[in-house]
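Chains as they are written, first to last, in the numbering used here: chain S, 37 to 396; chain L, 37 to 396; chain V, 37 to 396; chain R, 37 to 396.
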């Protein structure tokens, strides 16, 4: 009811505040018999971890995951997996001056209105630190998807005004991670880096666009009419901090085409498999996978925390000037990549299990 | 599990195939004591109904709603409301030639892969006829929202290449409905009409973009971290047939801005209320309403059913040519307006009730 | 949230008031590909139907079920099945004198307190007429269970002071239905009948105990720790009108034994299958089926509606005398048999599908 | 789906194996603004803790609870509360000889059949140690119920053949805890103690019956038709390890009465409040509270683990003799008292919040 759970069969429950003792997640519905250890999860957390490069916050967190339940002798038991990550560099006192201030385009005001009180330390649970739990759970989901032959990867397509040429990849994790900005097109990544440095000097920030592609989904995943696969993916991605838009396949661009140009003709593969000649559908038709690669894009707004002074109000409604002092990312997109991948994996793993009950 | 339910407290369950006896919905969780009759629902169904203008399918359906339960002496009892709409112009035999054909960019192939069998008559439950149930339920949700002082309206911003000037309204239902294409800008509506006529002559179809605005939501609605209000809205809208993209507030466009330009400064109203100077947030911050108008846009792909011949395959994978003969919309956007409004109302009504349990 | 849905994967949503136009149910999650028609459902409804014998209410209802969706060419589509049963002998006006009276041990007072208004006609949705929807849905569940080789039957063990010898059967439906009181022990059935006739002459009513047995469940169904199979069965049975107690296996009696006498020793069958020598566990250990027959008993209170005058109060709290005039059962147990079976089938079918997702 | 969650609005998710690092629970849906600290929870855990008396297992666990999230400055934030209890005296190696043995009337065999593998150490998650998490969560629920004026207590009515005189109390926690067997009738408690000592000498065990009473519930809690309050209570209690039966109000005994004797006449209190003259209904009518005390009884089977040798089989189906060596309770009832109370509180707290959405 309070929105901290996600999924239907492969279902996660996250908890933890940004500057509390831990961030964590309980994964319920993980099938029994999966080989799993912390080593399967840690690499994804390392990708999301702060302090990886000059472009991300300098908060020092090792983000070491510990599995507290659900495993015995290296295999999942079918019981809940509880994963926790300690907050080591928690500094709640840093935020005392912000206790009664509503930072622009942050969730301070709205959480206060919702609950009547709030954890002002680093945004409490409104902080992007919450997404560490998603990434941990997503790593487990991805391992299960591996059993189905599904692979997925996301990358940065544009930061502010700097974009790479439009392209649906696929790009491997190695190609994406070659540059710390997680743009697989080297020249564009350099331009993005230069642009971000300029913004940082100015005390400003940028947003941008992420692409994601999934290969290997069999046809039949997705549950019309409300839990269409792209609708569930949309919700999953839009629930990530700072995400403002989601589109699948041809998306907003496709609305300029006529039907005759937009429709994906069915053809028979050389190996007899039915596929489509184009993929404007983004691998999903009527809310169900058709066996083609899944394709979607997501918009992330510019980071709200900036060094430039901004006018705002405090709890009493008095005018104040806000100037950020803490440790913050000038651009969230590179660190959002593992989060986008995690949410995608969570949706797909859940739908893979749901499909097991569709036929007699 | 099969995706036919929506909402958590105000929860709907829809049923019915396009050419079966009825389309229907059970609404569970409607609070007791709401004055309600068919007359509250019928006008919204009339807006969605086919055969309203030259731009929509010629299928003849009166779409008369009947309330089968949950009402006594004109008030809701707190028990489930079952609403049914008869399919009077059902012609399943019309679709016999399509029984084994996979129409391009339709859900024929994917439903077959999912369930192993399918209702080929007009797409069965993959048909947009299913949305009549949503509109009926949405009318009830809207009536409850009226008690909170919430109003909402959607309109057509662009059809194919013809757009009205960008603008967040608000537009009243009367302004929207003045032109059958539901674009409140008369000159643009005329251009759209001309464009659609040309496409119809060519046997082709168009997509476009819809805007929606909600006024009067109090601050505090929305459930982080996964059920952020814009994430739930996104899922709701993306679950509508043909919808391929969703964005809230500044959306994809906003990603070109820097943080200093994008942030919404808090100010105090003349009446002491806290509001924001701009509304790039689209009325939602951290997934929770902030009291400003909710703003979002949605992309709808061009109609898949066209008169122009298209190449495809049948169940056996043999090449076939598909030419639509049935009764179909050349553009779904005008009829999607009441559906977008209904899904929006369903999400908001549910969150209004959820908020009742947030505080001690 | 309002308690009108049951099940997780095989999930039902019921609706309808006792004297409204229909009683109905939407079944969501029925796997695609099940051969199904009204003929599979009607016999179970006929067993529950009023007016079958001298011992049940004289309300005349044919209880003809109609499937409104989810079927094509005789097979389930995987989409929601909507089943409706018309209320033909609805006589809401019969209850006008009871509009403001709170009948003893009925739900009049509590519904009023809950919702602030209520449907006073025959109890509205608090009436046992609501269970027709359960029986209809249960028939579908039973058909699916048949594919797993599961069979189940319930029977009347005791009515008031008249009991058959304790025995776990099994009894076939034919054996149970031989006597209209649904007690498979003929002499006891006759004593029950005589006792009921005496009570009817006195204007009084009786309760009693029902036994149920399920054969053929494979080991592995049930979901600890909260959705243990007997816990879900207990909730299912306790949710039937007038049910006041539930026990599984040795139940309350077994608490007099010591562990050494109560424990069920495991042995190996002649065909190598592991089974238990006794079945105090009632086929469920740790909340999961062990392959032995499921056994449980349920207590039903005496019918609240009696002809004898009773003192009560009205809405204003004034003393009144209540004397039943309507059409009512002197004993609900015979008609509760198909309801107990239906709820049992619903629980088991749901858990059968849940088990499909337990292992990698 | 895997049965580790309970509740709808006030919802808990438990995790942890008996001999893993922790037992824990995430509570989601706790309203914001509740004063809460570990000191509110620890006393309930201390009541359930092993090693309290000669009648309980000698496993040494302090069961110290730690709140990992959801609290700031002593008040709940409205975000998930994660509570963990370390397993300090975990001795997984103690159970190695039992790895492949199916203990009689334990869950070893069924868990193996369900998941294909299992944690053999002390039963893993099938162990009653799991209930520590329920007790911790129940303490939070009870604190919320305190705001509504609700109080509740359970006590031991019978152990094996030794019973106290039948009586619905109420008994305060102090009265119940006066004797370590948690029977508030001193002479009966002594007989129970003597009986248990005899059984222990014989290497045997006992079951029994617990009563529970709740005072102060306002009318209107409970959600017909499936989530009737006593049905939800029944499920809650039946989901506790070793529970085999549940009855509310007059229960099984009441089925011997006629309607005229069983019905609870409504009367008006001296202060104008409507109440019933008797309480065979156990405070619940039609599944909804009527303002009278809630009354129920629960049956707990004799402890399955006994020192006496028992015949069983191992994984390969070979005959084996099982003799318990570990640390186990000869009778679970005294320690089940706080668990029964916790589950009752969880159900009531959830329904209290659900009722907030029943009316316009």
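Note that beta-carbon positions come from the ideal geometry of N, C-alpha and C, so glycine has one too. Since the structure is predicted, the reported quantities are computational estimates derived from the model, not experimental observations.
Worksheet item: In terms of residues, what are the limits of the beta strand (DSSP E) holding residue 334 of chain V?
Response: 330-336
Practice prompt. Assuming residue 180 of chain R contacts residue 385 of chain R (C-beta within less than 8 angstroms), just tell me the rounded distance between them.
Written response: 5 angstroms
Discussion item. Please confirm whether residue 44 of chain L has its beta-carbon closer than 9 angstroms to some beta-carbon of chain S.
Written reply: So, interface residue.
Worksheet item: Using the rule of at least 16 other Cβ atoms within 10 Å of the residue's Cβ for burial, across every protein chain shown, is residue 286 of chain V buried or exposed?
Response: Under a 10 Å Cβ-count criterion, residue 286 of chain V is classified as buried, with 16 or more other Cβ atoms of the shown protein chains found around its own Cβ.
Worksheet item: When the distance is taken between beta carbons, is residue 218 of chain V closer than 9 angstroms to residue 77 of chain V?
Response: no
Worksheet item: With 16 as the cutoff for other CB atoms within 10 Å, does residue 163 of chain L come out buried or exposed?
Response: buried
Practice prompt. With hydrogens ignored, establish whether the beta-carbon of residue 329 of chain L is closer than 8 angstroms to any heavy atom of the ligand GTP.
Written response: Here there are no bound small molecules, and the ligand GTP is not part of this structure.
Practice prompt. For residue 324 of chain S, decide whether its Cβ has a neighbour in chain L, counting only Cβ atoms nearer than 9 angstroms.
Written response: So yes, residue 324 of chain S belongs to the interface.
Fill in: Cβ separation of residue 150 of chain V and residue 324 of chain R, assumed to be a contact under 8 angstroms, to the nearest whole Å
5 angstroms
Worksheet entry | Beta carbon proximity, residue 277 of chain R to chain V, threshold 9 angstroms | yes
Discussion item. Between R:361, R:300, R:49, which has its C-alpha nearest residue 173 of chain R's C-alpha?
Written reply: R:49
Fill in: Where residue 273 of chain V falls: helix, strand or coil (DSSP)
helix
Fill in: Partner residues on chain L for residue 395 of chain R, Cβ-Cβ distance less than 8 angstroms
67, 68, 69, 114
Worksheet item: What separation, rounded to the nearest whole angstrom, lies between the Cα atoms of residue 207 of chain R and residue 108 of chain L?
Response: Rounded to the nearest whole angstrom, the CA to CA distance from residue 207 of chain R to residue 108 of chain L is 44 angstroms.
Discussion item. Within 9 angstroms of any Cβ in chain L, is that where the Cβ of residue 38 of chain R sits?
Written reply: no
Worksheet item: Could you give the distance in angstroms between the alpha-carbon of residue 9 of chain L and the alpha-carbon of residue 154 of chain L?
Response: Residue coverage of chain L in this structure runs from 37 to 396, which leaves residue 9 of chain L outside it and unanswerable.
Item to complete: Taking only beta-carbon positions, decide if residue 167 of chain R is within less than 9 angstroms of chain S.
Response: no
Discussion item. Strictly below 9 angstroms CB to CB, what residues from chain L border residue 104 of chain R?
Written reply: Within 9 angstroms Cβ-Cβ: nothing; residue 104 of chain R doesn't reach chain L, min ~16 angstroms.
Practice prompt. Grab the span of the beta strand (DSSP E) containing residue 378 of chain S for me, first residue to last.
Written response: Where residue 378 of chain S is concerned, there is no enclosing beta strand (DSSP E), although the alpha helix (DSSP H) around it starts and stops at 369-391.
Worksheet item: Who are residue 102 of chain R's beta bridge partners in DSSP?
Response: As a beta-bridge residue in DSSP terms, residue 102 of chain R pairs with R:120.
Fill in: Straight-line Cα distance separating residue 80 of chain S from residue 74 of chain S
11 angstroms
Worksheet item: Going by beta carbon distance, what residues of the same chain come within less than 7 angstroms of residue 283 of chain R, once the five residues before and after it are set aside?
Response: Cβ neighbours of residue 283 of chain R beyond the five flanking positions: 332, 333.
Worksheet item: Any Cβ of chain L within less than 9 angstroms of the Cβ of residue 303 of chain S?
Response: yes
Worksheet item: Nearest CA to the CA of residue 69 of chain R: which residue from R:86, R:51, R:114?
Response: R:114
Practice prompt. Verify the CB distance criterion: does residue 203 of chain L have a CB-CB separation below 9 angstroms to chain S?
Written response: no
Worksheet item: Do you know how far the Cα of residue 242 of chain V is from the Cα of residue 336 of chain V?
Response: Rounded to the nearest angstrom, the two C-alpha atoms are 9 angstroms apart.
Fill in: Presumed contact (8 angstroms Cβ cut-off) between residue 39 of chain L and residue 42 of chain S, rounded CB distance
With a Cβ gap of about 15 angstroms, residue 39 of chain L and residue 42 of chain S do not count as contacting.
Worksheet item: If you run the structure through DSSP and keep just helix, strand and coil, what is residue 217 of chain L?
Response: coil
Fill in: Span separating the alpha-carbon of residue 99 of chain V from that of residue 58 of chain V
10 angstroms
Item to complete: Spell out whether any CB of chain S is found under 9 angstroms from the CB atom of residue 389 of chain V.
Response: yes
Worksheet item: Any Cβ of chain V within less than 9 angstroms of the Cβ of residue 118 of chain L?
Response: yes
Worksheet item: Using a C-beta cutoff of 9 angstroms, does residue 321 of chain L count as contacting chain S?
Response: yes
Discussion item. Using a Cβ-Cβ distance cut-off of 9 angstroms, determine whether residue 153 of chain V contacts chain L.
Written reply: yes
Worksheet item: Using a Cβ-Cβ cut-off of 7 angstroms (strictly less than) and excluding sequence neighbours within five positions of residue 71 of chain R, which residues of its own chain qualify?
Response: Contacts found: 110, 111.
Discussion item. Three or more C-beta pairs under 8 angstroms: does that hold for the region 266-278 of chain S against the region 254-273 of chain L?
Written reply: yes
Discussion item. Looking at the secondary structure, which residues open and close the alpha helix (DSSP H) in which residue 167 of chain L lies?
Written reply: 167-184
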